[in-house]
Amino acid sequence: MIVIRRACESDVEAISEMFQIAYGDDYFYPQYYDIQSLKRMILSDDTLFLVAEESDTGAVLGTASVLLEVGAHADLLAEFGRLVVHPQGRGQGIGGKLMKARVEFVQDRLHVGIVENRSAHEFSQRISHQHGFHPVGLLPNKFQLGDRESAALYVCHFGHALELRRNHPHLIPEIYPLAKLALENCQLNCDAIIEAEPRAYPHVKQFQIQEMESELYPVLLRFERGRIKHREIFGRMRLHYGLFQLRVSQGQYLLAYRDGVMVGAIGFMIDEHERTGKIFELVSLDDSPIYYLVSELVRRCREEYGIDYLEVDVSAFSTQMQQTLLENGFLPAAYIPAMVFHDVERLDIVRMVCLLTTWNGDALQVFEPGKPIADLVDQSLRLRTALPKLIQAVKTAPLFAGLSEEQQQYVAASAELETLPEGRVLFRPEDPADKIRVIISGEIEIQNCHAKTVGSIGPDESLGDLASVSEPSHRVLAYVKSPGQAMLFSRDALLQLVHTRPDIGMILFRNHACELADKLQRMNVHALFKQE
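Below, the structure is given as C-alpha cells:
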C-alpha cells in the first residue's frame, strides 16, 4: 500500500537517489542531489516536501514538493514541482497521488499555484491537468538537461484569487492571441483591451551604466517609481527586502546615470549553472532610462554573461513596457491570470522571454489541451529567428534609407520573412492589394494585362508599394522568375506602423516617391525598346 506523508530528515538519501536515477547528473536544480540542501528544504517553512512510501517495506518510491515563496511576499503564489517516481514505483499511480496530496496540503494557504512541466514527455502535463491545472504558456528552452528543454506552464487558482482579479487588462496586439487562449483555458471570458497603437518608452542613449555597490543602496531605495508606484515589472525579489536577501538570492542591479546623477536601475538574477536570467524589478526617476536599461541588460546577457534564456513578468496593464520588451527581443511566452497581488487587486501577468540561443521546437511533446498555446509560441519564435535577416534587409533597401538603428529594428519587427519559390504567382490583376514586399533575393517579373513583360523587381526593391495602402487591387501580374526571399508587410501592419510611428512613415513615403520614379523610368525605357 502506498502512503503519502511529509518528508523527514531520514528520507534525504532516498530522495537524492531518485533524482540521480531520473536525471543522471543533468538535473537543473543541483540542490536536489545535495544531502545538506535537501535537509534545509525539508525543515524550511517555505517548502512542502512529500514522499510516497510503500507501507509494507518502508521503501520511498516517489517525492514531490511545493515552493511556497516563489512570488513576492503576500502574493500567495507557489510552484508545484520536483515530482519524481522511482522506476520500481511506476505504474501504481504514485505521481497522481503525490499531486493530489500537494493540492490538499496547501490549497488553503494559496491563491495561485503554477507548474513548469517538462515538455520532453506528457507525463507531468497530464497529471497537472487531471488535478485542475490549466495550460497558460510555453517557456522555450528554459531547462538545461544536457540539451536545453522547454517547460509547459500550467496554473491553478485557489480561494478568492479570481474574485480579486482586476478586469480588462490592456495588451499590445502581439500578446492578445496568447492571452485569449490562456484566459479561456482558465474558464474566464477574454476581457482584454487591445492597444491599437502602442508606443515603447523613449529610445534615449545618453546614460552611463555601472553595477550597484553597497554604498549606493540607500540612494536607490528612495526611488518610488517602479517600486512603490507605477509598478510594471514583478518578481520574487524587491529592493527593499535588503542587501542580505539580494545577495543570498544572487540579485544584482545595473544603474543608469545621467550627468553624474543616478536616474534608474534594473534588477535581475543570473543562474550561471542553468545559463538563465530573470528581471525582477525596474525603477527610475522618469521614462527616459527605461528602454536603455532593458536593451543594455539584453546586450550584456548575450555578450558578457553567456545567458541562453532571459525572462520577465510584466503587468498585463502596462502596454508601454510590453512594447519596450518586444522591441528588445522579448516575446510573450505565458499569460497568467491573477498572478500577483498589487494594492487591493490581483493582476494578470505576461511572462515574456528573450531567447538568446537557437530555437527548435521539433522535439516538443505537448499534452493535447496545451497544444494551441505551444503552437502559438512556437510560431512566434520561428518568426523571430528571421529577424536578423529582416534587419539586414532594412539596412540595405533604399525604401528604408535614413532610418535610425531604433527605427530599423521597429520596422523589422513589423515584417515577416517570406520564401519565394520559382514560378509562384504573387498576384494577378484585380487581386487585392493588401501586401507589400521588399525583395531580399531573387527576381520578380511584372506583366501587364496582355501578358507582356513590362519590368522586373530585384533585391532591395519593393513590390506592391506603399500605394497598396490606398489602391484596392493590383493592375499587373507578378511572378517569381528567380527564387529568393522577401520582407513581407500586410496592409494592416503597414498602416499601424505609419500611424504609430509617423516619424518612420514620413521617411518611408519620401523614399517611396524616389523609388517609384526610378521604376517608372525603367518601365518606360523597357516599353520603348520593346516597340523598337
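Taking UniProt numbering, the leading residue of the sequence shown gets 1, the next gets one more, and so forth.
Cβ atoms here follow ideal geometry from the backbone N, Cα and C, with glycine treated the same way.
Check	Outcome
Tell me which same chain residues have a C-beta within less than 7 Å of the C-beta of Glu-416, skipping the five on either side of it?	Leu-383, Leu-488
Per DSSP, Lys-278 is paired with what?	Met-269, Glu-311
How would you write the range of the beta strand (DSSP E) that Leu-417 sits in, first residue to last?	416–420
Which residue or residues does DSSP assign as beta-bridge partners of Thr-57?	Answer by DSSP bridge pairing: none, since Thr-57 is not bridged.
Does the stretch 253–269 touch the stretch 281–288, meaning 3 or more C-beta pairs lie closer than 8 Å?	yes
Roughly how many angstroms lie between the CA atoms of Phe-244 and Leu-293, to the nearest whole one?	Residue confidence for Phe-244 is low, a pLDDT of 43 falling below 50, so the modelled location carries little weight; the figure read from the coordinates is stated next. Between Phe-244 and Leu-293, the C-alpha separation is close to 24 Å.
According to DSSP, is Gly-24 helix, strand or coil?	coil
Going along the chain, which residues of its own chain have a beta-carbon closer than 8 Å to the beta-carbon of Gly-242, five neighbours each way excluded?	Low per-residue confidence applies at Gly-242: pLDDT is 49, beneath 50, and the placement is therefore not dependable enough to give any value.
Quick check on DSSP: helix, strand or coil for Cys-354?	strand
With DSSP as the reference, label Ala-479 as helix, strand or coil.	Reading off the sequence shown, one finds Tyr at residue 479, where the question assumed Ala. Looking at Tyr-479 - three-state DSSP - the assignment turns out to be strand.
Determine the DSSP secondary structure at Val-248, reduced to helix, strand or coil.	Interpretation of Val-248 is limited by its pLDDT of 49, a score under 50 that renders its predicted location unreliable; no figure is taken from the coordinates.
Could you tell me which residues DSSP pairs with Gly-306 in its beta bridges?	Paired residues: none, contrary to the question.
On a Cα-Cα basis, can you pick out the residue from Glu-184, Ser-315, Ile-439 that is closest to Glu-345?	Ser-315
Leaving aside the five residues before and after Ile-507 along the sequence, list all residues of the same chain whose C-beta is less than 7 Å from its C-beta, in chain order.	Gly-402, Leu-403
Between which two residues does the beta strand (DSSP E) holding Glu-443 run?	435–447
Out of Val-112, Asn-360, Tyr-335, which has the shortest C-alpha to C-alpha gap to Val-312?	Tyr-335
Once the 5 residues before and after Gly-113 are set aside, which same chain residues still bring their CB inside 6 Å of it?	Ala-78, Phe-80, Cys-156
Considering just the uninterrupted stretch of the beta strand (DSSP E) at Lys-142, what are its terminal residues?	134–145
Go through its chain and collect everything with a Cβ distance to Ile-307's Cβ below 8 Å, but skip five positions before and after it.	Ile-270, Arg-275, Thr-276, Gly-277, Cys-301, Leu-356
Extract the residue ranges of the beta strand (DSSP E) inside the stretch 313–391, only unbroken runs of 3 or more that lie entirely within it.	331–342, 345–355
Taking DSSP as the reference, what is the three-state secondary structure of Asn-185?	helix
If you run the structure through DSSP and keep just helix, strand and coil, what is Gln-485?	strand
The alpha helix (DSSP H) with Ile-127 in it runs from where to where?	123–130
Would you mind working out which of Ala-486, Lys-100, Ala-393 sits nearest Arg-424, comparing C-alpha positions?	Ala-486
Can we say the stretch 45–65 touches the stretch 2–19, given the rule of at least three CB pairs closer than 8 Å?	yes
What do you reckon, are the CB atoms on Ser-128 and Asn-117 nearer than 8 Å?	yes
What do you get for Leu-171, buried or exposed, if any count of 16 or more other CB atoms within 10 angstroms of its CB means buried?	buried
Which residues does DSSP list as the beta-bridge partners of Asn-167?	DSSP output for Asn-167 lists no bridge partner at all.
Do Leu-153 and Leu-164 have their CB atoms nearer than 8 Å?	no
Go through its chain and collect everything with a Cβ distance to Tyr-479's Cβ below 8 Å, but skip five positions before and after it.	Gly-423, Arg-424, Val-425, Leu-426, Ile-444, Glu-445, Gln-447
Determine the burial state of Glu-272: buried for a count of at least 16 other Cβ atoms within 10 Å of its Cβ, exposed for fewer.	exposed
Quick check on His-121: buried or exposed, where buried means 16 or more other Cβ atoms within 10 Å of its Cβ?	exposed
Among the residues of its own chain, which have a CB less than 6 Å from the CB of Val-66, if the five just before and after it don't count?	Leu-48, Ala-78, Phe-80, Arg-102, Val-106
Of the residues Leu-76, Cys-8, Ala-196, Val-476, which one's Cα is nearest the Cα of Asn-493?	The question names Asn, but residue 493 is Ala in the sequence shown. Nearest C-alpha to Ala-493: Ala-196.
Alpha carbons only, please: which of Arg-148, Ser-318, Val-115, Glu-174 is nearest the one belonging to Gly-132?	Val-115
State the DSSP-derived secondary structure class of Cys-8, mapped to helix, strand or coil.	coil
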